[in-house]
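Colleague: Residue numbers (this note's numbering), protein chains in the order written: chain A, 56 to 376; chain B, 56 to 376. Attaching a single structure in structure tokens format; questions to follow.
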């Protein structure tokens, strides 16, 4: 990660990581300090939450969600975790073990929800039943169940582990298509509304490489593999394109995301308002929706009626045969 | 350019070019028809000009400017050309020859302006004198002199050869930095204002590969080399990043640009208005400016006072030593 003989910017001890974006190298201790400072800055600047708020962290067992859970405790916030069993074969089995181990070792509370046992479907089956890319039903299911768990448990805010690379890639995809509604809502904090909890992303000032390094220096075991169903999705192509530019001009990715929030998001305020208007309640579950029945209840109806499909039989690019 | 045995979508004759974005292959005749149709569509849809308008084409001697001049005549428009001698060593010498040959062979009128003999500087010297990247003083000089030539000659509109790849790359750069003012003004037509002529880009629906193929099938000789001073500029990195995505998903580049114009440009109308307000006249040349003296006159003052610098001595990345 760093050339031999490099020294920490802060203490001149041997450096363990080079961060070209910050034009600096750091030892393990001062790298952690930088991470804590970046996360505290995001929480304070965007008013994500304050001590005493009841916080629920969406935990997948990957580096980002375990890093954010760890960092919140480091910064003195109490937070419980929520793990959703998505039923993606061995990948889900393993990710659940990492999440449970992390919580057990630290005496933290982990709430678990299983799509298959509680809602009668899993993601491979949903992908096949809906004939859409798996990421579509997966995202829809997670958003709905994060909201529901937060409301059921009386949490003020849902925390997700989205990092700078995630947000920059999503922003790039939305800008490539100029999806005004999606752009308007791509913020590090989405305010509570219509009975939904606030949603916040405290890691948006840390890159993917930095959250991985955080886990390594902190001794956190996490599931390294990417989700097998995400293979070939466009998101990964957008990350690669941004990484190529970042390598030429370190800091481009951060300024792309942060300048969007600062300069462009205010211009989109009217579009954001319009996208939040005219929402009713789902006749089946009561969640906010612009239709009669919300998209999650429609997914449950479709996917739970389908015979279970093992992940190995689902094509990666689409849910179709 | 195309696999052996491929056939033209229109007439089934052997194809000479494959256009994945249009999901089709074409023979030379029907490829030209497609180009004429795309350019006519751009001119009509964005109301660029109409028969009878006095048109001035900015001609560099490269493929795009010669293609657009040729296409306008094909479509029945009269247009004169304007060539600016930038003084970039052999590159400028050669580009001038291509522009003059094109005009002579077709009996077209080419107006010529020389930076060195009329304004006392050239681009390599301007880059050194201003200590900025050469593209900066080059763009400023060209914009000013296009406007001036159009006003002096009584032209209604200035045509430039910007193609889809150019516009998409500039758009990407402006979006990476969220330069709201630049984004607001990135349109295929800039209306006349403050005594400036209308400016239009009829090739925005054709890719770089398509304008090159147009020149080849039409037998137009053009300067193939890129400007030696543009080497290493960020624009080329943005083109490469977009090309990587286009290869995976043909049509992405066109939808990126065209959706911007359709969906995002209206959202930026207020910012556009603000950027056009409060403009006065340059005390030296009378051109619109927000300061006392316009940027072009300031450049002329700085660059013409500097001893001439040959292009070979100017670093490509900056004008500094």
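Note that CB positions come from ideal geometry on N, CA and C, so glycine has one too. Being a predicted model, the structure only gives us computed values, none of them experimental.
Please report the distance separating the alpha-carbon of residue 86 of chain B from that of residue 72 of chain B.
Modeller: Counting from 1 along the second chain, the entry for residue 86 of chain B is found at position 31. Counting from 1 along the second chain, the entry for residue 72 of chain B is found at position 17. Cα to Cα, the separation comes out at about 8 angstroms.
Colleague: What does residue 235 of chain B touch in chain A if you count any residue whose Cβ is under 9 angstroms from its own?
Modeller: Translated into the one-based positions of the second chain, residue 235 of chain B becomes position 180. Neighbours of residue 235 of chain B on chain A, chain order: 318, 319, 322.
Colleague: From the DSSP secondary-structure annotation, give me the bridge partner or partners of residue 167 of chain A.
Modeller: Mapped onto the first chain, residue 167 of chain A falls at position 112. Residue 167 of chain A pairs with A/138.
Colleague: Is the CB-CB distance between residue 189 of chain B and residue 369 of chain B below 9 angstroms?
Modeller: Here residue 189 of chain B corresponds to residue number 134 of the second chain, with the count starting at 1. Here residue 369 of chain B corresponds to residue number 314 of the second chain, with the count starting at 1. Cβ atoms of residue 189 of chain B and residue 369 of chain B: closer than 9 angstroms.
Colleague: Given a cut-off of 9 angstroms on the beta-carbon distance, is the pair residue 112 of chain A and residue 83 of chain A in contact?
Modeller: Position 57 of the first chain holds residue 112 of chain A. Position 28 of the first chain holds residue 83 of chain A. No; because the gap between Cβ atoms is not below 9 angstroms, this pair is not in contact.
Colleague: Locate the alpha helix (DSSP H) running through residue 239 of chain B, then write down its first and last residues.
Modeller: Within the second chain, numbered from 1, the residue matching residue 239 of chain B stands at position 184. 235-239 is the span of the alpha helix (DSSP H), which, as asked, contains residue 239 of chain B.
Colleague: Sort B/75, B/187, B/257, B/70 by Cα distance to residue 99 of chain B and report the nearest one.
Modeller: The residue labelled residue 99 of chain B in the question sits at position 44 within the second chain. Taking only the C-alpha atoms, the option nearest residue 99 of chain B is B/257.
Colleague: Using the beta-carbon of each residue, which ones in chain B are nearer than 7 angstroms to residue 229 of chain A?
Modeller: Working through the first chain from its first residue, we reach residue 229 of chain A at position 174. Ordered by position in chain B, no residue passes the 7 angstroms Cβ test against residue 229 of chain A, which lies about 10 angstroms from the chain.
Colleague: Considering only the beta carbon of each residue, do residue 259 of chain A and residue 219 of chain A sit closer than 9 angstroms?
Modeller: Counting from one through the first chain, the residue named residue 259 of chain A turns up at place 204. Counting from one through the first chain, the residue named residue 219 of chain A turns up at place 164. Yes; because the gap between Cβ atoms is below 9 angstroms, this pair is in contact.
Colleague: Just to confirm my understanding: we take residue 141 of chain B, look at its own chain, exclude 5 residues before and 5 after, and list those with CB closer than 7 angstroms. What are they?
Modeller: The count along the second chain starts at 1 and reaches residue 141 of chain B at position 86. Here the set comprises 147, 170, 177, 178, 193.
Colleague: What are the start and end residues of each continuous alpha helix (DSSP H) run of 4 or more residues lying completely inside the stretch 253-287 of chain B, in chain order?
Modeller: Listed in chain order, they are 263-273.
Colleague: Going along the chain, which unbroken runs of the alpha helix (DSSP H) with 4 or more residues stay wholly within the stretch 181-242 of chain B?
Modeller: You should have 189-208, 219-232, 235-239.
Colleague: May I ask which residues mark the beginning and end of the alpha helix (DSSP H) holding residue 72 of chain B?
Modeller: In the second chain, the residue the question calls residue 72 of chain B occupies position 17. Taken as a continuous stretch (DSSP letters only), residue 72 of chain B belongs to no alpha helix (DSSP H), being part of the beta strand (DSSP E) at 72-74.
Colleague: Does DSSP classify residue 155 of chain A as helix, strand or coil?
Modeller: Your numbering for residue 155 of chain A matches position 100 in the first chain. DSSP places residue 155 of chain A in helix when its eight states are reduced to three.
Colleague: From residue 108 of chain A to residue 209 of chain A, what distance separates their C-alpha atoms?
Modeller: Counting from 1 along the first chain, the entry for residue 108 of chain A is found at position 53. Counting from 1 along the first chain, the entry for residue 209 of chain A is found at position 154. Going from the Cα of residue 108 of chain A to the Cα of residue 209 of chain A covers about 10 angstroms.
Colleague: With a floor of 4 residues, list each alpha helix (DSSP H) that falls wholly inside the stretch 324-349 of chain B, ordered by position along the chain.
Modeller: The stretch 324-349 of chain B contains these whole alpha helix (DSSP H) runs: 324-331.
Colleague: Which word fits residue 78 of chain B, buried or exposed, when buried means at least 16 other C-beta atoms lie within 10 angstroms of its C-beta?
Modeller: Position 23 of the second chain, counted from the first residue, corresponds to residue 78 of chain B. Result: exposed.
Colleague: In whole angstroms, what separates the C-alpha of residue 357 of chain A from that of residue 173 of chain A?
Modeller: Along the first chain, one-based indexing puts residue 357 of chain A at 302. Along the first chain, one-based indexing puts residue 173 of chain A at 118. Approximately 15 angstroms between the Cα atoms of the pair.
Colleague: Could you round the C-beta distance between residue 253 of chain A and residue 245 of chain A to whole angstroms and report it? I think they count as a contact, below 8 angstroms.
Modeller: In the first chain, residue 253 of chain A corresponds to position 198, counting from 1. In the first chain, residue 245 of chain A corresponds to position 190, counting from 1. Rounded, the Cβ-Cβ distance is 7 angstroms, consistent with contact.
Colleague: Just list the residues that DSSP pairs residue 112 of chain B with in beta bridges.
Modeller: Within the second chain, numbered from 1, the residue matching residue 112 of chain B stands at position 57. Answer is B/136, B/214.
Colleague: Counting only Cβ-Cβ distances shorter than 9 angstroms, please list the residues of the stretch 290-303 of chain A near chain B, keeping chain order.
Modeller: Under the 9 angstroms Cβ criterion, the stretch 290-303 of chain A contributes 292, 293, 295, 296, 297, 299, 300, 303.
Colleague: Given this structure, state the Cα-to-Cα distance separating residue 299 of chain A from residue 312 of chain A, to the nearest angstrom.
Modeller: As a working mapping, residue 299 of chain A is identified with position 244 in the first chain. As a working mapping, residue 312 of chain A is identified with position 257 in the first chain. Roughly 16 angstroms between the two C-alpha positions.
Colleague: Can you tell me where the alpha helix (DSSP H) holding residue 51 of chain B begins and where it ends?
Modeller: With chain B covering 56 to 376 only, the question about residue 51 of chain B has no answer from this structure.
Colleague: Using DSSP's beta-bridge definition, name the partner residues of residue 245 of chain A.
Modeller: Residue 245 of chain A sits at position 190 when you count from the first residue of the first chain. Answer by DSSP bridge pairing, in chain order: A/254.
Colleague: By the criterion of Cβ-Cβ separation under 9 angstroms, what are the contact partners of residue 285 of chain B in chain A?
Modeller: As a working mapping, residue 285 of chain B is identified with position 230 in the second chain. Within chain A, no residue comes near residue 285 of chain B; the closest Cβ sits about 15 angstroms away, beyond 9 angstroms.
Colleague: Taking the alpha-carbon positions, what's the residue 198 of chain A to residue 207 of chain A distance?
Modeller: The residue given as residue 198 of chain A occupies position 143 in the first chain. The residue given as residue 207 of chain A occupies position 152 in the first chain. Straight-line Cα distance between these residues: approximately 14 angstroms.
Colleague: Between which residues of its own chain and residue 89 of chain A is the CB-CB distance below 7 angstroms, once the five residues before and five after are set aside?
Modeller: Taking the first chain and counting its residues from 1, the one referred to as residue 89 of chain A is at position 34. Answer for residue 89 of chain A: 81, listed in chain order.
Colleague: Using a C-beta to C-beta distance shorter than 9 angstroms, which residues of chain B count as neighbours of residue 326 of chain A?
Modeller: By one-based count along the first chain, residue 326 of chain A stands at place 271. Those are 322, listed as they occur along chain B.
Colleague: With 16 other CB atoms within 10 Å as the buried threshold, where does residue 229 of chain A fall?
Modeller: As a first step, residue 229 of chain A must be located in the first chain, where it is residue number 174. Label assigned to residue 229 of chain A: buried.
Colleague: To the nearest angstrom, how far is the alpha carbon of residue 162 of chain B from that of residue 221 of chain A?
Modeller: Taking the second chain and counting its residues from 1, one reaches residue 162 of chain B at position 107. Taking the first chain and counting its residues from 1, one reaches residue 221 of chain A at position 166. Going from the Cα of residue 162 of chain B to the Cα of residue 221 of chain A covers about 56 angstroms.
Colleague: With C-beta atoms as the reference, is residue 70 of chain A less than 9 angstroms away from residue 76 of chain A?
Modeller: Counted from its first residue, the first chain places residue 70 of chain A at position 15. Counted from its first residue, the first chain places residue 76 of chain A at position 21. No.
Colleague: Whole-angstrom Cβ separation of residue 276 of chain A and residue 153 of chain A, contact assumed at under 8 angstroms?
Modeller: Counting from 1 along the first chain, the entry for residue 276 of chain A is found at position 221. Counting from 1 along the first chain, the entry for residue 153 of chain A is found at position 98. Contact flag correct, Cβ pair sits at about 6 angstroms.
Colleague: Taking Cβ positions only, does residue 315 of chain B come closer than 9 angstroms to chain A?
Modeller: Indexing the second chain from 1 puts residue 315 of chain B at position 260. By this cut-off, residue 315 of chain B is an interface position.
Colleague: Any C-beta of chain A sitting closer than 9 angstroms to the C-beta of residue 232 of chain B?
Modeller: As a first step, residue 232 of chain B is located in the second chain; it is residue number 177 there, counting from the start. Judged by the 9 angstroms Cβ criterion, residue 232 of chain B is in contact with chain A.
Colleague: Measure the alpha-carbon distance for residue 124 of chain B versus residue 57 of chain B and round it to whole angstroms.
Modeller: In the second chain, residue 124 of chain B corresponds to position 69, counting from 1. In the second chain, residue 57 of chain B corresponds to position 2, counting from 1. Approximately 27 angstroms between the Cα atoms of the pair.
Colleague: In this structure, how does DSSP classify residue 102 of chain A when only helix, strand and coil are distinguished?
Modeller: Numbered from 1 along the first chain, position 47 holds the residue referred to as residue 102 of chain A. Here residue 102 of chain A sits in coil by DSSP.
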